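Here the structure is laid out as structure tokens; the discussion comes afterwards.
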Amino acid sequence: MAISFAVAAVGLELAAVLMYSAAAGYAGGLSVEPSKLLASGASGAALIRWGSLVDMFGYLSIAPVVIYLRARYATAKYIDLFAAAGLAVVVIGSIGAASMATAAAALITDYSTASSAQKEAIVPAFATLYRAVVLGMWQTLETIPAAVWLLGTASGARRKGPQSVFVILVILGAINAVIALYRLAVAG
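Going by this note's numbering, the sequence shown opens with residue 15, and the numbers climb by one from there.
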């Protein structure tokens, strides 16, 4: 059952990334300039809204995986702490996705029909929302507990689980740790 949720989480996250990327005009990198998304019009708003909802369900699909891994490696040191970090990822990520689904899509829609004065007011509001969720929540705050969860659980899997689980957890944990360190260095 946990494998089904893991596959669902990965599939939903990939679908969300494709929708976000399409809304941004397939720009590369960890983030895009908020003004590019803001100018994406009704189609961009729909892609952000649906992509964010898909993303939210992707995050929520991680919770059963966290619970399974916690039960699977119940005797590992600090496994409860690692599971709490994993559940923090679910909460942080899904709150960010719900925020983007409701607020970002509405601001993009409003921007497309706004007067010049209204557009001037929407730009900083959208940029703040984008930076708070994408850079602050998803690429900084979330990556810290994600790295703790994945690398910590990997330490339990190394002793008790299949080698493939250990390797997957270490790779994903290392990627999250690098993103967290990068964002902390850039923000600092």
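For every residue, glycine included, the Cβ atom is placed at its ideal position computed from N, Cα and C. As the structure is a computational prediction, the values presented were derived from the model and not from experiment.
Bounds of any alpha helix (DSSP H) do not take in residue 146, whose DSSP letter is neither H nor E. Going by DSSP, residue 119 is part of the alpha helix (DSSP H) stretching over 119–127. Taken in chain order, the complete alpha helix (DSSP H) segments of 4 or more residues contained in the stretch 134–197 are 157–174. Taking 8 Å as the upper bound for CB-CB distance, residue 76 and residue 100 are in contact here, some 7 Å apart.
Excluding five sequence positions before and after residue 92, the CB atoms of its chain that fall closer than 7 Å to its own CB belong to 166, given in chain order. Going by C-alpha positions, residue 120 is about 13 Å away from residue 141. In this structure the stretch 149–168 does not lie against the stretch 115–129, because fewer than three pairs of beta carbons, one per stretch, are closer than 8 Å. About 13 Å separates the beta carbons of residue 37 and residue 67, which is beyond the 8 Å limit, so they are not a contact pair. Around residue 172, the same chain offers 180 as residues with beta carbons nearer than 6 Å, after the five sequence neighbours per side are excluded. No residue range can be given for residue 47, since it is assigned to no alpha helix (DSSP H) and is classified by DSSP as neither H nor E. Measuring C-alpha to C-alpha distances from residue 183 to each of 160, 109 and 27 identifies 160 as the nearest. Inter-residue distance for residue 134 and residue 52 is about 12 Å (C-alpha atoms, whole angstroms).
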